[in-house]
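One structure below.
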Amino acid sequence: VPKESRAGGDATKESSLTDLMSAAVMYGSKKNGLYLAAAMDSVSKERLNTGSASHLRLVAQYAVSGLTANVMYQDFSGKALDNTDQKGTTLSAGVGYKMGKLMPKAQIMMVNRDKAANGNKYNDSTNYGLGLDYALGKKTTAYVNYVAVENNVAVATAAAVGTNKSEKTTFSIGMIHKF
């Protein structure tokens, strides 16, 4: 697009169709059997003015006889994300088993960020989740979830060397209605 103005960009330069790209490939059914998906997003250094950035996501799920198991890998990378808490990888795995109107679920997610916002290195951030869904109808589900988050931040300052550990827990109750 000729002379397109961008947030923080140079309005005197032309942009390109490749400044922003997104692509996805999916196979299978989310409801039964095998489901596979791969997706990527990319933003050029010309668009960001600080370097390029990309996001890659790979997903696999298998569902059979009420049992659903899934795994997801994500990678956030690029020069624009250097020295930020946005660069890194996540790996998550979950399982749920539908029993009539109830579906208990469990999930774990491991997050490895390159750096924290304050410049310290993150190590071994882990989220644990337990949940229970209750089908109120074909399109409406009530849920309750409990999530525990552990963040380990490596510290290397003149005052302290080691690991600071923070833990948070969240309890949520809600309802989902699909239109």
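Numbering-wise (my numbering), the sequence shown opens with residue 1 and increments by one.
Where a beta carbon is used, it is the ideal one built from N, C-alpha and C, also for glycine.
Under 9 Å between the Cβ atoms of residue i and residue j?
i	j	result
THR68	GLY96	yes
MET40	MET26	no
ASP75	SER42	no
SER125	VAL147	no
ASN70	ALA93	yes
ASN145	ILE173	yes
SER77	LEU56	yes
TYR143	ILE176	yes
For residue i, count neighbouring Cβ atoms within 10 angstroms of its own Cβ and tell me buried if that reaches 16, exposed if not.
i	result
SER166	exposed
LYS238	Here the chain comprises residues numbered 1 to 179, so residue 238 is not present and cannot be evaluated.
SER65	exposed
SER29	exposed
ALA159	Residue placement at ALA159 is poorly supported in this model, since its pLDDT is 48, which falls under 50; the coordinates still yield a value, given next. So ALA159 ends up on the exposed side.
LYS178	exposed
Tell me, to the nearest whole angstrom, how far the beta carbon of residue i is from that of residue j; I am working on the premise that it is less than 8 Å.
i	j	result
LEU58	TYR73	5 Å
LEU102	TYR134	6 Å
Could you tell me the boundaries of the beta strand (DSSP E) in which residue i lies?
i	result
SER41	Here residue 41 turns out to be Asp, not Ser, going by the sequence shown. 33-43 is the extent of the beta strand (DSSP E) around ASP41.
LEU67	67-77
GLY137	Looking at the DSSP string, GLY137 is not in any beta strand (DSSP E), and its letter there is neither H nor E.
SER54	53-64
MET109	102-113
SER22	20-28
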